[in-house]
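Colleague: Residue numbers (full-length UniProt numbering), protein chains in the order written: chain D, 1 to 420; chain C, 1 to 420; chain A, 1 to 420; chain X, 1 to 420. Below: one structure in structure tokens.
Number of protein chains: 4
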Amino acid sequence: MDEEKVFKDPVHQYIYVQDRLIWNLIDTKEFQRLRRIRQLGTTYFTFHGAEHSRFSHSLGVYEITRKIISRFERNQYIEWPKEERLISLVAALLHDVGHGPFSHSIEKVLNTNHEEWSKSLILGETEINSFLRQIDSTFPSRVVDVINKKYEKPIVMDLISSQLDADRMDYLLRDAYYTGVNYGFYDLERILRVLRPYQGRLVVKESGMHSVEDYLMSRYQMYWQVYFHPVTRSGEILLRKIFLRAKNLFEEGYTFSTLFPPIVRLFQGQLHVDDYLILDEPMFFTLFYFWSQEKDQILADLTERFLHRRLFQYIDFNPNDQSKLEAILEFFHKNNIDPTYYLELDSPSDLSYDIYRPGDKKEMSPIYLLNRQGETIEISTKSDIIAVITGKRKTEHKIFFPEDLLKEKSILSQFQLLTR
Amino acid sequence: MDEEKVFKDPVHQYIYVQDRLIWNLIDTKEFQRLRRIRQLGTTYFTFHGAEHSRFSHSLGVYEITRKIISRFERNQYIEWPKEERLISLVAALLHDVGHGPFSHSIEKVLNTNHEEWSKSLILGETEINSFLRQIDSTFPSRVVDVINKKYEKPIVMDLISSQLDADRMDYLLRDAYYTGVNYGFYDLERILRVLRPYQGRLVVKESGMHSVEDYLMSRYQMYWQVYFHPVTRSGEILLRKIFLRAKNLFEEGYTFSTLFPPIVRLFQGQLHVDDYLILDEPMFFTLFYFWSQEKDQILADLTERFLHRRLFQYIDFNPNDQSKLEAILEFFHKNNIDPTYYLELDSPSDLSYDIYRPGDKKEMSPIYLLNRQGETIEISTKSDIIAVITGKRKTEHKIFFPEDLLKEKSILSQFQLLTR
Amino acid sequence: MDEEKVFKDPVHQYIYVQDRLIWNLIDTKEFQRLRRIRQLGTTYFTFHGAEHSRFSHSLGVYEITRKIISRFERNQYIEWPKEERLISLVAALLHDVGHGPFSHSIEKVLNTNHEEWSKSLILGETEINSFLRQIDSTFPSRVVDVINKKYEKPIVMDLISSQLDADRMDYLLRDAYYTGVNYGFYDLERILRVLRPYQGRLVVKESGMHSVEDYLMSRYQMYWQVYFHPVTRSGEILLRKIFLRAKNLFEEGYTFSTLFPPIVRLFQGQLHVDDYLILDEPMFFTLFYFWSQEKDQILADLTERFLHRRLFQYIDFNPNDQSKLEAILEFFHKNNIDPTYYLELDSPSDLSYDIYRPGDKKEMSPIYLLNRQGETIEISTKSDIIAVITGKRKTEHKIFFPEDLLKEKSILSQFQLLTR
Amino acid sequence: MDEEKVFKDPVHQYIYVQDRLIWNLIDTKEFQRLRRIRQLGTTYFTFHGAEHSRFSHSLGVYEITRKIISRFERNQYIEWPKEERLISLVAALLHDVGHGPFSHSIEKVLNTNHEEWSKSLILGETEINSFLRQIDSTFPSRVVDVINKKYEKPIVMDLISSQLDADRMDYLLRDAYYTGVNYGFYDLERILRVLRPYQGRLVVKESGMHSVEDYLMSRYQMYWQVYFHPVTRSGEILLRKIFLRAKNLFEEGYTFSTLFPPIVRLFQGQLHVDDYLILDEPMFFTLFYFWSQEKDQILADLTERFLHRRLFQYIDFNPNDQSKLEAILEFFHKNNIDPTYYLELDSPSDLSYDIYRPGDKKEMSPIYLLNRQGETIEISTKSDIIAVITGKRKTEHKIFFPEDLLKEKSILSQFQLLTR
């Protein structure tokens, strides 16, 4: 490119684009589609400011990766494999490209998988694929390897998806910025300064330990204050119930008044790449509107609730004491309310969101400190603060259900509603 | 209410709700719908962070109004009519409730009017109306009077819609926050401190003149840097072209493959209040997706462009020199391209966005300073800075058209494309 | 007062003064003197921005206290003893008034005590005393009781000096702001919202637990990143060495070329209240300049080092391995360098700065959460994060000495200098 | 240097040092002395947070210069003379090194000149000089040429001292940060992006015009809201009166109880370079303390006022109406109050602080925009906003005097005191 170009960004001030390929990728239909997928799904029900898209976040992950690599190059660190620059930037930009609307909430119900979709969008007949192939015919599959954590050079994956990667570095700051909470802020510039390429991996200079502590505490707080906020969870539960009902109806042969073709293929498990361009949040909202007028009472009720934010309420639940649960189920049974669609036990730690847990199979290797003697030390052995949150699976149990359905409110006298 | 409730807000930190009525209004379907209307329409094409909704902004206008009134009460200013507190808060919250999707861009084409819709939503059979009537049967119509600037007490309108009102105070800060530009920031707390109720109006203590200068300069900058940014304008033009084409097709009797019922009623000018709940941005985006597959080439092309951000380019235009325009028109004519849908002369100052212009009929009365002698002075007579922007109608002329249609690019050698 | 007055403050935006007494106290000579005492002593040697004074901090503590009480009054909490408002505000404002220059560093050497001086300045013949007596003749001694933690109502002391008091709330934010580090920020407004007066004490609503975690983690980080930073410690050590030398010389009958009268009285332990007004940092710096020209080599050298920031270097020290220490002492002995003035073992946790340690005698009672059942629970029993830092005495051992004195640098080959 | 080093800075996050020479210069006695000179003189009397030093500011000017040059190099602009990098950085760092305490206020009275002192400190026998000579024997004098605006390459001076230089860019942001006002903020990163070296000068890409407008408006606001604030002016006037009195007494042969040797030489006009190291604000404050105990009533009174912030009050003054002035003078005469020391007419625009005024002899050439055709255009011909403040000499006239001296307060009934 003749001159670097910029995007104004509230979190990083500017996103700098210095490669024609990056510019082209941003302009593809598949990447522009990310503007129509919210970064935080139903969190805007809790924090009204959280209306930002995966488009913004993807640019942010790219920018942090660019900054890290640019620093490596400026300081001429010999352990950084220079030839991995472009693939790292591209993988950073595209790491979320396969995400569908509310994907964290409904992938299970719908049996889809955003990593598979990323693969299809990068390897299929897409604009993205055609730009990537201009570099080299193997480039698209190498990008997929990075995103799916199968690339030969671990340091590239360390940049994009690890315990201390550009993805998390961006979303903590960005989600804090848009929700307005203070918990996600940490000193990004300091962390960038203490990262080092070392023996094929990304490590942290020992003197930067406290800034990593601060970053991990930010994550901890964001999980419990924002990502696992029960009102957000309640929105996600409602979404799952909607799709569960719709899919069951579909499989039972129910005739929908409105059912867009891509949704049919989604239910049939035959979604193709072209459909993915339109499988966005606006389509879901429009669908919900039509479904709210379906003759099926349950589907109509659930979608109406979602559109107008009439969420399920929630109460604390102790797994060793089933009495609350039994009381509700009994009431549901007596009143013909189907708990499949109107009740959910929720225990956030089950989610695929992960808190720092070395040893966990699905997880990347731990964060290493590099000391003055050139040794690497796993960070929780040096930091008390990190040690205490390491491998600890904190779980909160709640029961969600629509409080307004309980006509005999006396049932509620036993326990206290927690909704704010 | 037993205890005040809050919403976390990135701009004001917290939005404080102290009245049951306000809480109830926020929970209505009609107000929740504002979550599905972006505050800045197509600005997210230029500033990707500008994805915030009218819901957030409406809470912000309410909060600023609450702060002003709360200060008046704390300082026991006798010129503040205490009985106007609740109506002021409600009007602040609801002032934008009638806005449809992209309303600034397409009201003209579709012959709708958001002020009329506000009226319908407040006076019609809506959840909002039923809560307002609980106060008093005349309350809904009094709220409408404030929003439509016909209320008996000017100070209430000064709070909600004037040159220095809670609406502008919020959107300058909020739009600056979400776009990431610095231009919209000014010292809100300082301005709140220098506002005074005086002889039935809202005035500014003379010592606060410089902070009003700063606020007006923020507005000036935001208009030219953000609101009139040509890429944003280009998105708006595309929207208008889409609806112009669709409406013309509708009137010509064209058979659409997809046309949702509320859209039919919209084209027929028979939209009713219930439709308004679903006339949101998701519905438009979904429609665009289906229209992008219509057999009408023009509609399909325009909607495809919008979805994938393939905007019209733009060049500077001097009204006294028609040569550029003629060259393009000639080319269009020769190549059968219809300028009705593919060309636009745009001169931003024509828009209803207004910069401080005393004397303009549509505009509220000017900002007055209150001096130590108890006299009020129009601010531009004291401030050189404000004097220079007063009544000055700055206009920028541009021609917009899709550069990619010009197969004979030689035509472009005559003038320079301005797109970044 | 006819109208509230404000001070512009970078941390709280504005400091609001609503009582004539507060206004008068700020204007006294004794309070104005705090402008000439830095809040963070020698920290500006490490973080050059940390040049703020105890004056700014004292206003901040006052403002936070004012905000807390104002919220209690607005919400009409019946457990808040309204009559304690003024004494709380005054004690907040004056809590640091007895601090001398660099007092944390040199109180021990000089055998002074800032709490005693606060007492003298409030009870003695001062402007402060005369304004306080206008309220009531017992008012000054009641203010002293609060500052010295002997007041009858614990909730007043909770506000001013406890584990979660206005003092710490202000200094974390302020010191973070002026140093430029991010570690000290936490959500002040959130914490103010969850504080409650309860059974004579200040407690925290249980739902605010995470925000207290965040606040305590900020403190933890600030201690290790800022307050215990070895370069700051090195400055403090140098100060102590200077005064140790000067006092020893004084006691040995050495004739100083320059010795200001208040310093003589300071050495004699006969400082009177009037002297305190001039015992500020400028006086110390000027003295150091003159002492840098004294014929006593050690005093001249130490003061010269302080003025020009030629600090002692430092190395890690393991208390179980005296070899490093012995090597240096041997070298000092051989070269006639007096370790009394040129060597210091430093172990920061010994300092009077305190980290959260329930059970510690000098410490206030712990932070209590108030749950929905009206029970209070000590916070570390609910929070893993807080539990891990509770009562843990983290200590870092270092040896400080002037590296440049070691002409035979070979001695340094044994260990690594840590100076940045 | 083996690795870049950083200083944590609240305004720029980090100051990056990449050259051994810069590191060495920062460590010199002469540069460390700037820690003992406040950046904003008596402004802390008005804005208590403004306690930052010239040391911080000097690092900031260096950092902005470094950023500009680093961008020029990264973009390989051929019009940037690469060999000027180091001299530019050094001149940026040292541009204020000759400033004495409160130099803007008292240079006239004491007949000193900070530009002369910069010269002496750089060319004399100083640590700075010895480091600079290591580069090359002519290097010190070339640095002086840049600072005194006599260097051969105008672009180097454009960087350090022009209408849009690193000096102003830093102080607007820094002074806004420390005072807490919002007026000084503008988009630094945007301005850095639009600067270009062109035909031997520093110019601004035309598309950056609005960001320069915003920067110049920030300056305009900072002058009137902060730098010319009457309380700040009152502090400066008091300082001048003190030194005027002291100097007159000295010349009359008065015997001072306390008069430090460097002050004697200052009064004699025989200050030498060594003295300059100790001529700092602490020395002045200590002197004021001793002078407040002098037998000369006027000197004692004036210094006492300064120490305890008992400033002169002020009233508006219309140069065409001398009546207020005459009334005060008559009262002074009747009561034996000497107006030489107790009265001042002040008209801020007379100060050497300058607002954008092309054509003014002392001023640098104007800011030029560079358009797409490669032409440069003076900015006020394109910008209405800038045109209005160009060359306009706004002046405010006030009379300052100690209101408390007017025992017959009736004199005050004629006019209104303006003190807040």
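The beta carbon of each residue, even a glycine, is placed where N, CA and C say it ideally should be. These figures come from a predicted structure and were not determined experimentally.
(1) Cα-Cα, which of C:264, C:199, C:113 and C:95 is closest to residue 168 of chain C?
(2) DSSP three-state label for residue 225 of chain A, please.
(3) Kindly provide the ranges of any beta strand (DSSP E) runs that are 3 or more residues long and lie completely inside the stretch 191 to 269 of chain D, ordered along the chain.
(4) Residues of chain A with CB under 7 Å from residue 183 of chain D, in chain order?
(5) Roughly how many angstroms lie between the CA atoms of residue 397 of chain A and residue 42 of chain A, to the nearest whole one?
(6) Where does residue 134 of chain A fall in DSSP's three states?
(7) Quick one: does residue 210 of chain X have its CB under 7 Å from some CB of chain C?
(8) Check the C-beta distance from residue 139 of chain X over to residue 97 of chain X and give it rounded, since I have them as a contact under 8 Å.
(9) What residues match up with residue 7 of chain X in a beta bridge as DSSP calls it?
(10) Secondary structure at residue 400 of chain X, three-state DSSP: helix, strand or coil?
(11) Quick check on this structure: which residue in D:225, D:385, D:242 and D:177 has the alpha carbon closest to the alpha carbon of residue 297 of chain D?
(12) For residue 189 of chain D, go through chain X and note every residue whose CB falls closer than 9 Å to its CB, in chain order.
(13) Run through the DSSP bridge pairs and tell me what residue 376 of chain D is partnered with.
(14) Would you kindly check if the distance between the Cβ of residue 286 of chain C and the Cβ of residue 282 of chain D is under 7 Å?
(15) Excluding sequence positions up to five away, which residues of its chain have a Cβ less than 8 Å from the Cβ of residue 53 of chain X?
(16) In three-state terms, what does DSSP make of residue 355 of chain C?
(17) Measure the C-alpha to C-alpha separation of residue 83 of chain D and residue 49 of chain D and round it to an integer number of angstroms.
(18) Between the C-alpha atoms of residue 368 of chain X and residue 199 of chain D, what's the straight-line distance to the nearest angstrom?
(19) Spatial neighbours of residue 273 of chain X within its chain, please: C-beta separation below 6 Å, excluding the five flanking residues on both sides.
(20) Please classify residue 145 of chain D: is it buried, with 16 or more other beta-carbons within 10 angstroms of its beta-carbon, or exposed?
(21) If you compare alpha carbons, which of C:263, C:289 and C:269 is closest to residue 278 of chain C?
(22) In chain D, which residues lie less than 8 Å from residue 283 of chain C when you measure between Cβ atoms?
(23) Of the residues X:91, X:154, X:3 and X:113, which one's Cα is nearest the Cα of residue 271 of chain X?
(24) In angstroms with no decimal places, state the Cα-to-Cα distance between residue 405 of chain C and residue 304 of chain C.
(25) Can the beta-carbon of residue 237 of chain D be found closer than 7 Å to that of residue 400 of chain D?
(26) With H, G and I counted as helix, E and B as strand and the rest as coil, what does DSSP make of residue 350 of chain X?
(27) Which runs of the alpha helix (DSSP H) at least 4 residues long sit entirely within the UniProt domain "HD/PDEase" (50 to 181) of chain X? Give them in chain order.
(28) My assumption, with CB atoms under 8 Å, is that residue 311 of chain D sits in contact with residue 231 of chain D. Please give the rounded CB distance.
(29) Along chain X, which residues have their Cβ under 9 Å away from the Cβ of residue 388 of chain C?
(30) Could you tell me whether the Cβ of residue 309 of chain X comes closer than 7 Å to any Cβ of chain A?
(31) Are the CB atoms of residue 184 of chain D and residue 195 of chain D nearer to each other than 7 Å?
(32) If you measure from the beta carbon of residue 169 of chain D to each beta carbon in chain A, is any gap under 7 Å?
(33) List, in order along the chain, the chain X residues whose C-beta lies closer than 7 Å to that of residue 186 of chain C?
(34) So which residues on chain D does residue 222 of chain A lean against when the C-beta distance must stay under 7 Å?
(35) Among A:76, A:17, A:373 and A:103, whose alpha-carbon lies nearest the alpha-carbon of residue 61 of chain A?
(36) Within a Cβ cutoff of 8 Å, which residues of the same chain sit near residue 190 of chain A, ignoring the five residues on either side of it in sequence?
Modeller: Reading from the atomic positions:
(1) C:95
(2) helix
(3) 195 to 198 and 201 to 205
(4) 214
(5) 19 Å
(6) helix
(7) yes
(8) Not confirmed; about 15 Å, so no contact.
(9) X:15
(10) strand
(11) D:242
(12) 13 and 14
(13) D:370
(14) yes
(15) 34, 35, 36, 37, 38 and 39
(16) In this prediction, residue 355 of chain C has a pLDDT of 42, which is less than 50 and means its spatial position is unreliable; nothing more can be read from the coordinates.
(17) 40 Å
(18) 51 Å
(19) 120 and 124
(20) buried
(21) C:263
(22) 282, 285, 286 and 289
(23) X:113
(24) 14 Å
(25) yes
(26) Confidence in residue 350 of chain X is poor, its pLDDT being 34 and thus under 50, which makes the residue's placement unreliable; the coordinate value appears in the next sentence. Correct three-state label for residue 350 of chain X: helix.
(27) 54 to 74, 85 to 94, 103 to 110, 114 to 123, 127 to 135, 139 to 147, 154 to 160 and 166 to 179
(28) 7 Å
(29) 384, 385, 387, 388 and 389
(30) yes
(31) no
(32) no
(33) 182
(34) Result: empty, since nearest Cβ-Cβ is about 10 Å, beyond 7 Å.
(35) A:17
(36) 208 and 211
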